[in-house]
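Chemist: Please see the structure below; I have some questions.
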Amino acid sequence: MREAANTHLYDITLAPNRRVEVPVPVTFRGFAITVSGAGHIATPTTTGTLSPIGLATFEQGEGAVELRAGEHGGQFLLGVGRPLRTPAYLYGGFCFSDRARVTNAVERYHSGHMHGALTAP
0 MREAANTHLY DITLAPNRRV EVPVPVTFRG FAITVSGAGH IATPTTTGTL SPIGLATFEQ
60 GEGAVELRAG EHGGQFLLGV GRPLRTPAYL YGGFCFSDRA RVTNAVERYH SGHMHGALTA
120 P
């Protein structure tokens, strides 16, 4: 087996007004999502607020990412990785690298051949 993409996902919980800096290779891009609480995100070139249910993205070349919790603390998911540089075709809940695969998945779904694969337990 080989690694398809060099990715990292961090679950970060911070006490009120605390901060953490996560080093990120300059070839990576990423996102931060607020799980609970609120806070701020900063890279060497940009800053932003992470409100409750917030989402922030950053591009390649940013380097380190700093997360700072608000006055009530916060939990954040930070995802970073090397871009795949492949096209993405979306239709409903399906996402594939080419249109034919999306069409095939939608047809299989409508015909019942997915046998509950998209149903939560």
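Quick note on numbering: numbering that gives the first Met the number 0 labels position 49 of the sequence shown as 48, and the sequence is numbered without any gaps.
Every residue, glycine too, gets a C-beta built ideally from N, C-alpha and C.
(1) Starting from the C-beta of Ile32, find all residues in its chain whose C-beta is less than 6 Å away, skip the five residues before and the five after it, and write them out in chain order.
(2) Within 10 angstroms of the Cβ of Ile52, are there 16 or more other Cβ atoms? Answer buried if so, exposed if not.
(3) Quick one, are the C-beta atoms of Glu70 and Arg18 less than 7 Å apart?
(4) Locate the beta strand (DSSP E) running through Ser110, then write down its first and last residues.
(5) Taking DSSP as the reference, what is the three-state secondary structure of Val19?
(6) For Tyr9 and Ala104, I'd like the C-alpha separation in whole angstroms.
(7) Between Ser110, Leu49, Arg81, Arg98, which lies nearest to Val23 when the distance is taken from Cα to Cα?
(8) According to DSSP, is Thr56 helix, strand or coil?
(9) Measuring only the C-alpha atoms, how far is Arg84 from Leu13?
Modeler: According to the data block:
(1) Excluding its 5 nearest sequence neighbours in each direction, Ile32 has C-beta neighbours in its own chain below 6 Å: Leu54, Leu76, listed in chain order.
(2) Answer is exposed; the Cβ neighbour count stays below 16.
(3) Cβ atoms of Glu70 and Arg18: not closer than 7 Å.
(4) The continuous stretches of beta strand (DSSP E) do not include Ser110, which lies in the alpha helix (DSSP H) extending over residues 98-110.
(5) When secondary structure is reduced to three states using DSSP, Val19 falls in the strand class.
(6) Cα to Cα, Tyr9 sits roughly 31 Å from Ala104.
(7) It is Arg81.
(8) In this structure, Thr56 counts as strand in the three-state DSSP scheme.
(9) Linking Arg84 to Leu13 through their CA atoms gives a straight-line distance of about 33 Å.
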